[in-house]
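In the working numbering, the protein residues as written are 48 to 507.
Cβ coordinates follow ideal geometry from the N, Cα and C atoms, glycine included.
Written out below as structure tokens is the structure these notes cover.
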Ligand code: ADP
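Structure below.
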């Protein structure tokens with residue numbers, strides 16, 4: 048028995064005895080000795096009546112679940128003390144309930160903000176709760192669709208079979224059942240791909256996790272295409288090389304024929320070398336450190352070797368005729384960035400113009416600093432031009448408009464992919480304007496932060 052209980056019981060005994068004694072004393076005063084016994088009984092009865100009233104009030108308040116109606120401690124006695132204890136217990140329980148509610152709220156907020164969808168379903172696969180991501184993924188209306196059977200909303204046969212199988216060791220990947228919420232921009236070209244995995248818990252209850260794997264699947268498809276393309280690009284020159292080697296080994300050839308075959312073999316080997324170099328460049332661009340922002344190179348130093356290379360290429364491709372090439376530097380300036388990357392991007396644009404423009408055509412290269420401080424490098428040619436539908440795809444790896452012209456002139460199909468990467472790494476933009484039959488203009492727009500005109504750097 049606790050100390051307070053002992054004290055309360057002692058208090059009760061003392062008050063009981065005092066009530067009996069007081070009542071007996073009054074009765075003795077009024078009726079003499081014979082009033083003593085009934086007086087004590089009357090006192091005991093009175094005490095019990097008051098005590099029963101206190102117990103009744105406490106019970107009534109507890110039955111009504113009304114904490115405010117509980118007797119106060121000041122009302123005294125065991126029942127007042129008990130009421131006080133109950134009140135304290137209730138306060139503590141209320142506090143715990145509030146804390147638990149707050150924790151639940153935090154937990155729900157965390158799940159709401161999860162990039163993965165969460166749906167809780169009951170034994171009959173009816174939706175009990177879902178977060179906003181799941182609602183978007185599966186087109187669930189959180190109010191209307193409560194207790195709706197999940198397979199009424201997600202009807203994909205693979206998912207329906209999976210849900211019914213009760214074997215959830217792996218996920219199942221399906222197209223999103225309804226178009227997800229869209230930006231005002233319009234329709235998505237591809238449906239969302241969702242990974243759906245169910246986890247059973249607490250007996251027959253289940254939780255469905257949905258994850259948007261569209262980007263992952265696209266990346267995997269791109270990787271597969273890339274490997275297939277690289278293998279194809281390498282296999283062609285390799286097959287030709289192997290054929291020539293066998294011919295040289297097995298046929299007794301005269302010196303002129305031998306020399307011609309060796310020349311063709313060397314061309315194929317060069318083609319493979321260029322392809323490997325471009326692939327290495329792309330992988331360096333993808334994994335390399337960001338280009339420096341404080342390493343300045345004069346534009347002149349980039350343009351001069353590029354022009355020399357272009358004239359040599361023009362002479363090699365159209366001997367004796369070449370192209371009318373003009374290189375203009377309207378403003379003297381410096382560019383901040385990775386020199387080898389900038390050189391590669393600029394010479395890719397110029398070599399494309401030379402390779403795709405027929406001999407005698409006009410090619411104009413121009414560098415200038417725009418009034419807002421951006422630097423513009425442009426290559427304009429009078430070549431065949433490119434139809435509008437190809438333009439958005441030109442920077443894809445191995446995308447070619449004119450496959451045979453690209454191969455004949457030593458193209459790898461990676462030039463513009465490299466240019467795009469270099470541009471992105473330098474915060475620059477690549478603009479392509481072209482009209483079939485009139486020519487094309489490729490321009491790189493470098494941000495003002497990476498351009499320093501002569502007026503500025505000559506003062507430094
Ligand atoms: P490639 O090595 O085949 O030239 P690129 O990535 O540099 O690869 O270019 C992709 C395609 O864009 C080329 O195959 C060609 O069809 C087209 N193209 C690029 N530049 C020009 C241009 N100046 N004029 C016409 N077509 C061009």
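Nearest neighbour of residue 452, chosen from 147, 430, 465 [CA to CA]: 430
Residue 87 and residue 99 closer than 8 Å at C-beta: Result no, Cβ atoms of residue 87 and residue 99 do not sit closer than 8 Å.
Secondary structure of residue 317, DSSP reduced to three states: helix
Through-space distance from residue 159 to residue 354, alpha-carbon basis: 58 Å
Between the CA atoms of residue 224 and residue 202 - distance to the nearest angstrom: If you draw a straight line from the Cα of residue 202 to the Cα of residue 224, it comes to about 7 Å.
Residue 210 and residue 165 closer than 8 Å at C-beta: Against a cut-off of 8 Å, the Cβ pair of residue 165 and residue 210 comes out as no contact.
Nonlocal neighbours in the same chain, by C-beta distance under 6 Å from residue 260, ignoring five residues either side: 240, 242
Backbone CA spacing between residue 175 and residue 167 [nearest angstrom]: 5 Å
Same chain only: Cβ atoms within 8 Å of residue 119, ignoring 5 sequence neighbours per side: 127, 130, 131
Same chain only: Cβ atoms within 8 Å of residue 51, ignoring 5 sequence neighbours per side: 128
Three-way DSSP call (helix, strand, coil) for residue 195 in this model: In this structure, residue 195 counts as coil in the three-state DSSP scheme.
Stretch-stretch touch, CB-based, cutoff 8 Å, three pairs: the region 337 to 357 with the region 301 to 310: Look at the beta carbons and you see the region 337 to 357 not touching the region 301 to 310: under three pairs across the two are nearer than 8 Å.
Residue 294 Cβ short of 7 Å to the ligand ADP heavy atom set: no
Beta-carbon gap between residue 460 and residue 447 smaller than 8 Å: yes
Expected contact under 8 Å - CB spacing of residue 360 and residue 424 to nearest Å: About 18 Å; that fails the 8 Å criterion.
Proximity below 8 Å, CB of residue 163 to CB of residue 258: yes
Beta-carbon proximity check, residue 394 vs residue 469, cutoff 8 Å: In this structure, residue 394 keeps its C-beta atom at 8 Å or more from the C-beta atom of residue 469.
Where the alpha helix (DSSP H) through residue 429 begins and ends: Looking at the DSSP string, residue 429 is not in any alpha helix (DSSP H), and its letter there is neither H nor E.
Close Cβ partners of residue 273 (< 7 Å) along its chain, the five nearest in sequence each way excluded: Closer than 7 Å at the Cβ level, and outside the excluded window around residue 273, lie 444.
Ordered list of alpha helix (DSSP H) runs contained in the region 116 to 196, each at least 4 residues: 124 to 159, 179 to 185
Other residues of its chain near residue 93: CB distance less than 7 Å, five sequence neighbours each side excluded: 66, 70
Opposing strand residues paired with residue 272 [DSSP bridges]: In DSSP, residue 272 forms no bridge with anything.
Cβ pair count under 8 Å reaching 3, the region 318 to 336 against the region 368 to 381: no
CB of residue 481 within 8 Å of CB of residue 402, strictly: Taking 8 Å as the cut-off, the Cβ atoms of residue 481 and residue 402 do not count as close.
C-beta contact flag for residue 386 and residue 498 at 8 Å: Taking the C-beta atoms as reference points, residue 498 is found no nearer than 8 Å to residue 386.
Secondary structure of residue 345, DSSP reduced to three states: In this structure, residue 345 counts as strand in the three-state DSSP scheme.
Straight-line Cα distance separating residue 182 from residue 191: 11 Å
Coil, strand or helix - residue 469 by DSSP: helix
Residue 251 versus residue 200: straight-line alpha-carbon distance, rounded: 21 Å
Separation of residue 238 from residue 232, as counted between CA atoms: Confidence in residue 232 is poor, its pLDDT being 41 and thus under 50, which makes the residue's placement unreliable; the coordinate value appears in the next sentence. Roughly 15 Å separates the two Cα atoms.
Neighbourhood of residue 449 by C-beta, 8 Å cutoff - its chain only, sequence neighbours within 5 removed: 403, 431
Bounding residues of the beta strand (DSSP E) (the contiguous stretch that carries residue 221): 219 to 222
Close-in-space but distant-in-sequence residues of the same chain around residue 215 (CB under 7 Å, 5 per side omitted): 244, 245, 246, 247.
Residue 77 versus residue 68: straight-line alpha-carbon distance, rounded: 14 Å
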